[in-house]
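Reviewing the structure listed below.
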Amino acid sequence: MNKNEKIKELQDKEKYNVYQEDLGFEKELNILRNDFYYQMIYSRDISLVDFMYNPLDVMSGDAYSARRIDEHSTFYLMVDGMGKGMSASLTAMIMTSFINHIFDKMIAHDSFELSVLVHETMEYIKPILLEEEALAIDYIVMNNYDNMLYYAKFGMPVILMENDDNQIAKIRSNNAPLSKYQKTFNISSYDITNITKFLIYTDGIVENSTIYDNKLYSDFIEEDFLNSFTRADLKKSFFDKIDIQEDDVTLIFINNLHHKTTNVSSMNFPSTLDSVDKANDWYGSILEKISSNNAAIYNANVVFTELFMNAYEHGNLGIDSDLKQQLLDDDIYFETLNEKSESCKKEINIIVSEVLFNSENYVITQIIDEGEGFDTQILSQIFRNSQAFNGRGVFVSRKNSLGIYYNSKGNSVLYLNKV
Amino acid sequence: MNISVSSNKVTVSGNLKSVGDFQSLKETIDSLKTVEKTIIIEIVDSLSITSSIIGYLNKLVLKDGVNLEMKVGNDSLKSLLDELHLSEVFKVQKI
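Protein chains in written order, with this note's numbering: chain A, 14 to 432; chain B, 1076 to 1170.
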């Protein structure tokens, strides 16, 4: 084989490997199940759930899932395979996949039981683990109505929590890392009545070196968590303090808004085209009373226009994306909106709240329509493929806010802006 | 928001945000496209645009065959159009 043929062979091999890695990563994303993609938990209080999944290699040793058990209860899973590379990734992925499978069966039979889930999945993975392999894993159930958290933590970093007094509380592992020799396990509970924020994470974030001499990020995470109102704040604090990411980083950031918000104003608007601009003016005047930051006010206003319009046309008037496109193509979009509005008695409710956090002012806006809602899982496709025609309004909204969150039905949306 | 027209060039100053803004821009361009095959839109300082405007301009290029050139002054807007892979379709240039 001459030199050129050899180079060609290596190039082909590299192309094939990249292709396989891409397929592998796509499968990983299918294995991670997230019932809270751009969703809030709407129980006794509103909680916002955000995720960060930053694998170091294409095949990640970290995995997570967030599943809805019922209206008030949620299940969080965090898995960290021992070491790096293919073996860790295989263990993390098959375990996550199996746990999600068992979870789905339990929900289908209305029989979710944390102890059964832990037992069954432990028995499943034990024969697969290598002699010296250890698997760190969190099984967490949060009940936002009873305000109780139930957990089986196997060799995972602490769950960090912030209480009403802005103090850190911690939940430590109650089990050793999972090995093939493990026979029993513990499930414990914790009263979360006074907890306002939660951070569940794998060790990648705390074991990362920082730009400060001989200090790991574990030295900073508690303070940064206390100072973060959103996942984006924490992410920024982390990346500001490190040179390079050294391991997979996965975290779930949960923020209970009940403890922090002050209601600023609320208003109902009829489902008319005229209301869209009227509501926008009303909203703009509220923001101007809260802030003098024109750019921030504008960003929040753009999101309002998009999401109010969605509530009006898709929610209350029931115009789906295909019909909207057809109406636009035929140039009868606005006429049709006006026609449909005449017989529509449904209203759009707006609630604006304010949060003062560490000298920063946040505005939380909730838009609730009386329509049928939609399956918010379709948003994952929009954000994976920004070129898709449908959902550009949601894309623009995310770009102009700190986050948008729907209820499970999809007829109530909340978004957050720093103003 | 303020719209001015000179030959085939539409200049938008101020922020684009409301449905009214969209309707004004649409009316201006609808009337211009009957006489011009190439339309230049200059968005001087708006930080973003709404999805209605994006949808309308997309149809203008892909269905009506208008040769659109967009000049934008703000980096955030440029970045939004890049992320939506619209920079090529709208022939976006930074002012």
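All residues carry an ideal CB built from backbone N, CA and C; glycine is no exception.
Residue j beta carbon less than 8 Å from that of residue i
| i | j | result |
| --- | --- | --- |
| Leu1152 (chain B) | Leu1132 (chain B) | no |
| Tyr137 (chain A) | Asp151 (chain A) | no |
| Leu212 (chain A) | Ile377 (chain A) | no |
| Gln258 (chain A) | Asn221 (chain A) | yes |
| Asn306 (chain A) | Val409 (chain A) | no |
| Tyr77 (chain A) | Val62 (chain A) | no |
| Ser356 (chain A) | Gln52 (chain A) | no |
| His327 (chain A) | Asp333 (chain A) | yes |
| Asn3 (chain A) | Glu383 (chain A) | Because chain A is modelled from 14 through 432, residue 3 (chain A) falls outside the range shown and cannot be assessed. |
| Asp261 (chain A) | Leu69 (chain A) | yes |
| Asn371 (chain A) | Asn160 (chain A) | no |
Spatial distance of residue i from residue j (CA atoms)
| i | j | result |
| --- | --- | --- |
| Leu162 (chain A) | Pro190 (chain A) | 20 Å |
| Gly74 (chain A) | Met95 (chain A) | 7 Å |
| Ser56 (chain A) | Ile205 (chain A) | 14 Å |
| Asp1150 (chain B) | Ser393 (chain A) | 26 Å |
| Lys273 (chain A) | Asn67 (chain A) | 29 Å |
| Asp117 (chain A) | Ser124 (chain A) | 10 Å |
| Leu90 (chain A) | Ser1088 (chain B) | 49 Å |
| Gly1030 (chain B) | Val289 (chain A) | Nothing about residue 1030 (chain B) can be reported from this structure: the residues present for chain B run from 1076 to 1170 only. |
| Gly297 (chain A) | Met106 (chain A) | 47 Å |
| Asp177 (chain A) | Lys210 (chain A) | 9 Å |
| Met99 (chain A) | Phe88 (chain A) | 27 Å |
| Tyr419 (chain A) | Ser425 (chain A) | 6 Å |
| Met135 (chain A) | Ala308 (chain A) | 52 Å |
| Phe242 (chain A) | Ile59 (chain A) | 15 Å |
| Phe1097 (chain B) | Leu148 (chain A) | 55 Å |
| Leu1135 (chain B) | Lys1101 (chain B) | 10 Å |
| Tyr230 (chain A) | Phe64 (chain A) | 19 Å |
| Leu286 (chain A) | Ile1170 (chain B) | 34 Å |
| Asp294 (chain A) | Tyr311 (chain A) | 12 Å |
| Leu1155 (chain B) | Ile1115 (chain B) | 19 Å |
Selection from the options that minimises the alpha carbon distance to residue i
| i | options | result |
| --- | --- | --- |
| Thr197 (chain A) | A:Lys139, A:Val316 and A:Thr275 | A:Lys139 |
| Val71 (chain A) | A:Phe321, A:Lys249, A:Tyr77 and A:Glu41 | A:Glu41 |
| Asn374 (chain A) | A:Leu300, A:Asp35, A:Leu143 and A:Ile380 | A:Leu300 |
| Asn156 (chain A) | A:Asn199, A:Thr134 and A:Ile82 | A:Ile82 |
| Gln379 (chain A) | A:Ala308, A:Ala292 and A:Leu369 | A:Ala292 |
| Val316 (chain A) | A:Lys412, A:Ile363 and A:Gly37 | A:Lys412 |
| Lys1092 (chain B) | A:Glu383, A:Thr389, A:Phe370 and A:Glu319 | A:Glu319 |
| Lys183 (chain A) | A:Phe238, A:Val409 and A:Lys248 | A:Phe238 |
| Ile224 (chain A) | A:Tyr230, A:Ile255, A:Asp232 and A:Ser202 | A:Ile255 |
| Leu45 (chain A) | A:Gly423, A:Ile120, A:Ile112 and A:Ile345 | A:Ile112 |
| Leu247 (chain A) | A:Leu173, A:Asn187, A:Asp294 and A:Tyr194 | A:Leu173 |
| Ser366 (chain A) | A:Ser372, A:Ser304, A:Ser278 and A:Asn351 | A:Ser278 |
| Val129 (chain A) | A:Lys28, A:Arg185, A:Glu84 and A:Ile200 | A:Ile200 |
| Asn1083 (chain B) | B:Asn1090, B:Met1076, B:Ile1104 and B:Asn1077 | B:Ile1104 |
| Asn281 (chain A) | A:Tyr325, A:Leu264, A:Asp261 and A:Asn268 | A:Tyr325 |
| Gly1130 (chain B) | A:Ile417, A:Leu429, A:Val131 and A:Arg405 | A:Arg405 |
| Ile54 (chain A) | A:Ser284, A:Pro170, A:Ser86 and A:Leu341 | A:Ser86 |
| Leu415 (chain A) | A:Asp382, A:Leu36 and A:Lys249 | A:Lys249 |
| Glu145 (chain A) | A:Tyr194, A:Leu103 and A:Asp253 | A:Tyr194 |
N- and C-terminal bounds of the alpha helix (DSSP H) containing residue i
| i | result |
| --- | --- |
| Gly168 (chain A) | That residue, Gly168 (chain A), is in no alpha helix (DSSP H); it is neither H nor E in DSSP. |
| Tyr1131 (chain B) | Ser1126 to Leu1137 |
| Lys183 (chain A) | From DSSP, Lys183 (chain A) is part of no alpha helix (DSSP H) but of the beta strand (DSSP E) over Ile181 to Ile184. |
| Ile218 (chain A) | Asp216 to Val219 |
| Asn113 (chain A) | Gly98 to Ala121 |
| Met1076 (chain B) | Where Met1076 (chain B) is concerned, there is no enclosing alpha helix (DSSP H), given that its DSSP letter is neither H nor E. |
| Thr134 (chain A) | Leu127 to Ile138 |
N- and C-terminal bounds of the beta strand (DSSP E) containing residue i
| i | result |
| --- | --- |
| Ile82 (chain A) | Here Ile82 (chain A) belongs to no beta strand (DSSP E), and DSSP marks it neither H nor E. |
| Thr263 (chain A) | Val262 to Asn269 |
| Val409 (chain A) | Careful: Val409 (chain A) lies outside any beta strand (DSSP E), inside the alpha helix (DSSP H) at Arg405 to Lys412. |
| Phe370 (chain A) | Glu360 to Phe370 |
Residue i at chain A interface by Cβ criterion, 8 Å
| i | result |
| --- | --- |
| Gly1130 (chain B) | yes |
| Lys1166 (chain B) | no |
| Val1085 (chain B) | no |
| Lys1112 (chain B) | no |
| Ser1126 (chain B) | yes |
| Asn1090 (chain B) | yes |
| Val1094 (chain B) | yes |
| Ser1099 (chain B) | no |
| Leu1159 (chain B) | yes |
| Ser1123 (chain B) | yes |
Any C-beta of chain B under 8 Å from that of residue i
| i | result |
| --- | --- |
| Val376 (chain A) | no |
| Lys118 (chain A) | no |
| Met322 (chain A) | yes |
| Lys291 (chain A) | no |
| Arg411 (chain A) | no |
| Leu392 (chain A) | no |
| Ala245 (chain A) | no |
| task | Would you list, in chain order, the members of the segment 1135 to 1153 of chain B that have their beta-carbon closer than 9 Å to a beta-carbon of chain D? | result | Going by chain labels, chain D is absent from the structure shown, which instead holds the protein chains A and B.
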